[in-house]
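Have a look at the structure below before the remarks.
There are 2 protein chains.
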Amino acid sequence: MKSFQEMTKEELLEEKKNLEKEYRKYQMRGLQLDMSRGKPSAEQLDLSMGMMDVLHSGEDLSCEDGTDCRNYGVLDGIHEAKVLIGDMIECHPDNIIIYGNSSLNIMYDTISRSMTHGVMGSTPWCKLDKVKFLCPVPGYDRHFAITEHFGIEMINIPMLPTGPDMDMVEELVANDAAVKGIWCVPKYSNPQGITYSDETVRRFARLKPAAKDFRIYWDNAYGVHHLYDIDQDNLVEIFAECKRAGNPDLVYKFCSTSKISFPGSGVAAIATSANNLEDIKKQLVVQTIGYDKVNQLRHVRFFKNIHGMTEHMRKHADILRPKFEMVLNILKEELEDIGAGNWYCPKGGYFICYQALSGCAKEIVLRAKKAGVVMTPAGAPFPYGRDPKDSIIRIAPTYPSIEDLEMAANIFVLCVKIVSIEKLLEE
Amino acid sequence: MKSFQEMTKEELLEEKKNLEKEYRKYQMRGLQLDMSRGKPSAEQLDLSMGMMDVLHSGEDLSCEDGTDCRNYGVLDGIHEAKVLIGDMIECHPDNIIIYGNSSLNIMYDTISRSMTHGVMGSTPWCKLDKVKFLCPVPGYDRHFAITEHFGIEMINIPMLPTGPDMDMVEELVANDAAVKGIWCVPKYSNPQGITYSDETVRRFARLKPAAKDFRIYWDNAYGVHHLYDIDQDNLVEIFAECKRAGNPDLVYKFCSTSKISFPGSGVAAIATSANNLEDIKKQLVVQTIGYDKVNQLRHVRFFKNIHGMTEHMRKHADILRPKFEMVLNILKEELEDIGAGNWYCPKGGYFICYQALSGCAKEIVLRAKKAGVVMTPAGAPFPYGRDPKDSIIRIAPTYPSIEDLEMAANIFVLCVKIVSIEKLLEE
Chain A
127 MKSFQEMTKE
137 ELLEEKKNLE
147 KEYRKYQMRG
157 LQLDMSRGKP
167 SAEQLDLSMG
177 MMDVLHSGED
187 LSCEDGTDCR
197 NYGVLDGIHE
207 AKVLIGDMIE
217 CHPDNIIIYG
227 NSSLNIMYDT
237 ISRSMTHGVM
247 GSTPWCKLDK
257 VKFLCPVPGY
267 DRHFAITEHF
277 GIEMINIPML
287 PTGPDMDMVE
297 ELVANDAAVK
307 GIWCVPKYSN
317 PQGITYSDET
327 VRRFARLKPA
337 AKDFRIYWDN
347 AYGVHHLYDI
357 DQDNLVEIFA
367 ECKRAGNPDL
377 VYKFCSTSKI
387 SFPGSGVAAI
397 ATSANNLEDI
407 KKQLVVQTIG
417 YDKVNQLRHV
427 RFFKNIHGMT
437 EHMRKHADIL
447 RPKFEMVLNI
457 LKEELEDIGA
467 GNWYCPKGGY
477 FICYQALSGC
487 AKEIVLRAKK
497 AGVVMTPAGA
507 PFPYGRDPKD
517 SIIRIAPTYP
527 SIEDLEMAAN
537 IFVLCVKIVS
547 IEKLLEE
Chain B
127 MKSFQEMTKE
137 ELLEEKKNLE
147 KEYRKYQMRG
157 LQLDMSRGKP
167 SAEQLDLSMG
177 MMDVLHSGED
187 LSCEDGTDCR
197 NYGVLDGIHE
207 AKVLIGDMIE
217 CHPDNIIIYG
227 NSSLNIMYDT
237 ISRSMTHGVM
247 GSTPWCKLDK
257 VKFLCPVPGY
267 DRHFAITEHF
277 GIEMINIPML
287 PTGPDMDMVE
297 ELVANDAAVK
307 GIWCVPKYSN
317 PQGITYSDET
327 VRRFARLKPA
337 AKDFRIYWDN
347 AYGVHHLYDI
357 DQDNLVEIFA
367 ECKRAGNPDL
377 VYKFCSTSKI
387 SFPGSGVAAI
397 ATSANNLEDI
407 KKQLVVQTIG
417 YDKVNQLRHV
427 RFFKNIHGMT
437 EHMRKHADIL
447 RPKFEMVLNI
457 LKEELEDIGA
467 GNWYCPKGGY
477 FICYQALSGC
487 AKEIVLRAKK
497 AGVVMTPAGA
507 PFPYGRDPKD
517 SIIRIAPTYP
527 SIEDLEMAAN
537 IFVLCVKIVS
547 IEKLLEE
C-alpha cells in the first residue's frame with residue numbers, strides 16, 4: 127500500500143470518502159467505548175479476591191515482631207511488608223517507609239513538605255522566587271498536576287527510546303539551582319512504555335545538581351508489570367547506582383501495589399537513603415500516628431513473598447497480553463507504513479502511545495469521541511495539558527473487554543487515517 | 127483526715143517517711159506498668175474482629191451505586207460510608223469527605239494546604255509574617271505538634287469546666303487577624319474529659335473573626351465514646367449552629383473510627399460547608415486518586431448503620447467503665463480533701479486528667495517512672511511541651527489490664543502524695 131504522502135490529492139480524497147463511509151457506520155451504532163482509563167479490568171481484580179479471606183476473625187493479626195497490627199503504632203510500616211515491597215523494588219527493607227494506599231499521595235506530600243520545610247535543611251521552596259521541575263514528555267499527567275498545583279515551573283524534556291534526553295537533563299540540572307527535581311516513570315513509562323536504558327540510569331545517578339535539594343522523583347509504577355515471561359525489559363536499580371556514584375541521597379523511589387492488588391486499597395511506599403528517610407520521618411511523625419498495618423499484613427499474608435507476587439503478576443499478564451497484542455496488531459495492520467504516525471510496542475505497563483502527525487491529536491480524539499470512543503484528552507501527557515506538536519495520544523487497553531477494545535481500536539485507526547488525510551490535504 | 131496544708135512540718139515528715147517506705151516496696155518489685163497510652167486494649171480490638179469476615183472472597187465488593195470498590199475512583203468516599211459517618215457526627219452526607227485511616231493526617235493536610243494555598247482564596251499562610259493558633263490547655267499534644275511544625279505561634283487558652291475561656295477566645299479572634307484557627311476537642315476532651323457547654327458552642331458559632339481564613343478545628347475524636355448508657359454528655363452540633371448564625375464556613379469537623387473499629391485501620395473524615403469542601407477538593411484531586419474504598423465498605427457492612435455502631439460502642443463502654451471507675455475511686459479514696467490536687471470525672475473519652483499542686487507534675491511523673499509506671503510526660507498536653515504551672519498529668523486508663531491499672535494507680539497516688547509533701551515542705 128502507498129503511504130498517504132505518496133498519494134495524489136485525488137487518491138487521498140477518494141480514500142477519505144471511503145473511510146468516512148465506514149466511520150459513519152460506526153457512528154450510527156451509538157457505541158459507548160472507553161480507552162481512556164489506566165485501570166485494571168474486573169477480571170484482573172478478581173485475581174486478588176483471596177486477599178479478602180487471609181485475615182478472617184479467627185486469625186492472629188500480630189506481625190512477626192509481635193506487634194498487634196490492629197492497634198496504634200509503627201510509623202514506617204511493619205517489617206514483613208518492608209521485606210515484600212523491598213524485594214519488589216530491589217531495595218533493602220531498612221530504606222523503605224510503607225505509607226497508605228497511594229504512591230501519588232506520597233509524591234504530593236514529598237513536594238508539599240519541600241515547599242514548607244525544604245529538603246534536609248534547605249530553604250523551603252515556598253520562600254524561593256522560582257522552583258523548576260524537569261518533565262520528560264510525554265509523561266504522567268498527575269505528576270504534572272502536582273507541580274502545577276504548587277506553582278512549580280515545568281520544563282519539557284523530550285523522551286528518547288532510551289529515556290529522557292540526558293544531555294538536556296545534565297545541563298539543566300548542573301547549571302540551574304532552581305531546578306529541584308525531575309519526574310520519571312523509568313520502566314514501561316506512562317504513556318510510551320519505554321524503559322530507561324542502563325546508560326540513562328547511570329547518568330541519572332551521576333548528575334551533579336547545582337541545587338543541593340535536587341532529587342530524582344523515580345516513580346517505579348510498573349516495576350513488575352510485565353506482559354511476557356521472558357521478553358521483559360530490565361531496569362538498572364537506581365538507588366544502588368546512586369550509592370555507587372557517591373550520591374546516595376539523590377533519589378526518591380516511589381511504588382505501590384495499586385495495579386497488583388487493588389487500586390485504592392493497596393499499599394504504597396518510598397525507598398530512599400537513610401538521610402532522606404530521617405528528613406521525611408521528622409515530618410511524618412507529626413502528620414500521622416501510622417498507616418493501615420492491617421492492610422499491610424493482608425498483603426503480606428496474601429502474597430507471602432516476592433515469588434508469590436511474581437506468580438500473581440503472571441496472571442495479570444495473561445489477561446493483559448491479548449489486549450495489548452490485539453491493539454498493536456490493529457495498529458500494525460492498519461497504520462504501518464501509511465505515514466500517519468508511529469508507536470512503540472511496550473513489553474509491560476498500562477499504555478500504548480500513538481504519535482500522530484503534528485497537529486492531529488486533538489482532532490483524532492474528537493473524531494473518536496463522536497463515534498462513541500472516549501480517549502485520554504490529547505495534551506494530557508504534557509505539563510499544562512499542552513502538547514506543543516499536538517501529536518501524542520495515549521491508549522489505555524486494560525479496562526475494556528477484548529471485544530469492546532477491538533471495536534474501539536478499529537474506530538481509532540479509522541479516525542487516525544481520516545484526520546491525517548485532512549491534515550495532508552490542508553498542506 | 128487532715129489535709130497536707132493543715133499538718134505540721136513534723137506530721138508531714140512522718141507521713142512522707144511512711145509513704146516512702148511503701149514506695150520502696152513497689153520499687154523493689156521491678157514493675158513495668160504503662161498509663162501513658164491512649165490506646166484501646168486488645169479486648170476492645172477483639173470487638174471488631176467480625177470486620178475481617180464481612181468482605182470475604184465470595185462477596186460482591188460493589189457499593190450501592192454500583193461502583194466497584196476494588197478499583198480506582200470516587201475521590202470523596204462512597205455514599206454509604208458518608209451516611210454512616212454523617213450519622214455518627216450529626217452532619218449531612220453531602221457535607222462529608224471520607225479520607226484514609228487518620229483524622230490527624232486530615233488535620234495536618236488542612237494546615238499544610240492553608241500554608242501553601244491559603245483558605246478559600248486567602249493569602250497562603252507561608253507568605254504571611256505571622257500566623258497564630260489558639261490552643262485550649264491542657265489539650266492534645268499532636269494538635270500542638272502540627273502547628274509547631276509549621277512555625278505557627280500558639281497561644282494558650284485556659285480550659286474552664288464549660289470549655290475554653292470564650293471571653294479570651296472572642297477577643298483574640300475578633301482583634302488579631304493573625305489568629306487563623308483554634309484547636310478543639312469539644313466532647314470528652316483530651317485530656318480532661320470536659321464537654322463544651324451549649325453556650326460555649328453557640329459562642330463559637332458566633333465568633334466574628336478578624337481573619338476571613340480563620341477556622342475552628344473541631345476534632346470530635348470522642349463523639350460516641352461514652353462510658354454510660356444514660357449519663358452521657360451532650361454536645362450541641364456546631365456546624366448546624368454555625369449555619370444558623372450565618373457563619374457556615376467557620377468550622378472544620380474532624381472524626382475517625384480509630385477508637386471504634388481499629389486504630390490505624392479505620393476511616394477518617396471531615397465535615398464542613400459546601401464552600402470549604404470545594405476548596406479542599408481542588409487540592410485533594412491533585413493529592414490522590416482516592417482513598418481505600420474497600421475499607422470504607424468493610425466498615426459499612428460491619429456496622430450496617432448508626433444503630434449498629436451505637437451497640438458496638440456500648441461494648442467498648444462495658445470494657446472501659448470499670449477501668450475508669452477504678453482509677454477514679456482510687457483518686458477519690460486516696461487524694462480527696464488532702465490538698466494535693468484535683469481532677470474531673472469524665473463520662474467518656476480516653477483520659478483522666480490530674481491537676482497536681484503547681485510545680486509537682488514533672489516530679490510526680492519521674493517518681494512514677496522510678497517505680498516502674500510510665501505516664502505521659504508532664505507538659506505534653508501544652509504547646510511546646512511547657513506546662514506553665516507544671517501541674518497537669520494525663521492518665522490513660524484504657525490499655526492496661528485492670529490488675530495492672532490498679533497497681534499503677536496506687537503507685538501514682540503514692541507519688542502524688544510524696545511529691546506534694548516535698549513541695550509543701552519546701553515552702
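Line by line, the protein sequences give chains A and B. Numbering of the first sequence is given in the working numbering, commencing with residue 127 and proceeding in unit increments. Numbering of the second sequence is given in the working numbering, commencing with residue 127 and proceeding in unit increments. Cβ coordinates follow ideal geometry from the N, Cα and C atoms, glycine included. Keep in mind the model is a prediction, meaning the values are calculated, not measured.
Leaving out five residues on either side along the sequence, give the residues of the same chain with a beta carbon under 6 Å from the beta carbon of residue i.
i: D405 of chain B; result: M246
i: E460 of chain A; result: V539
i: G511 of chain A; result: G505
i: L531 of chain A; result: K449, P523
i: G307 of chain A; result: F259, R341, Y343
i: S399 of chain A; result: P374, D375
i: I464 of chain B; result: S129, F130
Is residue i buried or exposed, if buried means 16 or more other CB atoms sit within 10 Å of its CB?
i: I356 of chain A; result: exposed
i: C471 of chain B; result: exposed
i: T242 of chain A; result: buried
i: L159 of chain B; result: buried
i: G244 of chain A; result: buried
i: Q115 of chain B; result: There is simply no residue 115 of chain B to check, as chain B begins at 127 and stops at 553 in what is shown.
i: D359 of chain B; result: buried
i: E529 of chain B; result: exposed
i: K419 of chain B; result: buried
i: M435 of chain B; result: buried
i: H218 of chain B; result: exposed
i: P287 of chain A; result: exposed
i: S527 of chain B; result: exposed
i: G156 of chain A; result: exposed
Opposite residue i in the DSSP bridges: which residues?
i: P290 of chain B; result: B:M285
i: P262 of chain A; result: A:I283
i: C381 of chain B; result: B:A395
i: R520 of chain A; result: A:C479
i: Y348 of chain A; result: In the DSSP output, where bridge partners are listed per residue, Y348 of chain A has none listed.
i: N468 of chain A; result: A:Q481
i: C310 of chain A; result: A:W344
i: L159 of chain A; result: A:V499
i: G474 of chain B; result: B:H352
i: V305 of chain B; result: B:K258
Cα separation between residue i and residue j?
i: K135 of chain B; j: F508 of chain B; result: 34 Å
i: Y378 of chain B; j: I396 of chain B; result: 7 Å
i: W309 of chain A; j: I342 of chain A; result: 7 Å
i: A414 of chain A; j: L201 of chain A; result: Note on identity: in this sequence residue 414 of chain A is Thr, with Ala being the wrong assignment. Rounded to whole angstroms, T414 of chain A to L201 of chain A spans 8 Å at the Cα level.
i: L457 of chain A; j: S129 of chain A; result: 15 Å
i: I386 of chain A; j: H275 of chain A; result: 29 Å
i: V350 of chain B; j: M439 of chain B; result: 7 Å
i: L333 of chain B; j: A371 of chain B; result: 9 Å
i: P503 of chain B; j: P514 of chain B; result: 14 Å
i: E146 of chain A; j: E553 of chain A; result: 20 Å
i: N536 of chain B; j: R196 of chain A; result: 30 Å
i: P290 of chain B; j: D194 of chain B; result: 45 Å
i: N282 of chain B; j: P317 of chain A; result: 53 Å
Using a Cβ-Cβ cutoff of less than 7 Å, which residues in the same chain neighbour residue i once the five nearest sequence positions on both sides are dropped?
i: E169 of chain A; result: I445
i: R329 of chain B; result: M292, E296
i: D267 of chain A; result: A506, P507
Suppose the cutoff is 8 Å on Cβ atoms and the five residues either side in sequence are ignored; what does the same chain contact list for residue i look like?
i: K496 of chain A; result: Q153
i: I364 of chain A; result: P312, V327, F330, A331, I342, W344, V377, K379
With residue i and residue j assumed to form a contact (beta carbons below 8 Å), what rounded beta-carbon distance in angstroms separates them?
i: H433 of chain B; j: D345 of chain B; result: Their Cβ separation, rounded to whole angstroms, is 25 Å, which puts H433 of chain B and D345 of chain B out of contact at 8 Å.
i: M285 of chain A; j: P262 of chain A; result: 5 Å
i: K473 of chain B; j: L353 of chain B; result: 6 Å
i: A466 of chain B; j: L454 of chain B; result: About 16 Å separates the two Cβ atoms, so there is no contact after all.
Taking 7 Å as the cut-off, is the CB of residue i close to at least one heavy atom of the ligand ZN?
i: D516 of chain A; result: Absence of the ligand ZN is noted for the structure shown, with no ligands found whatsoever.
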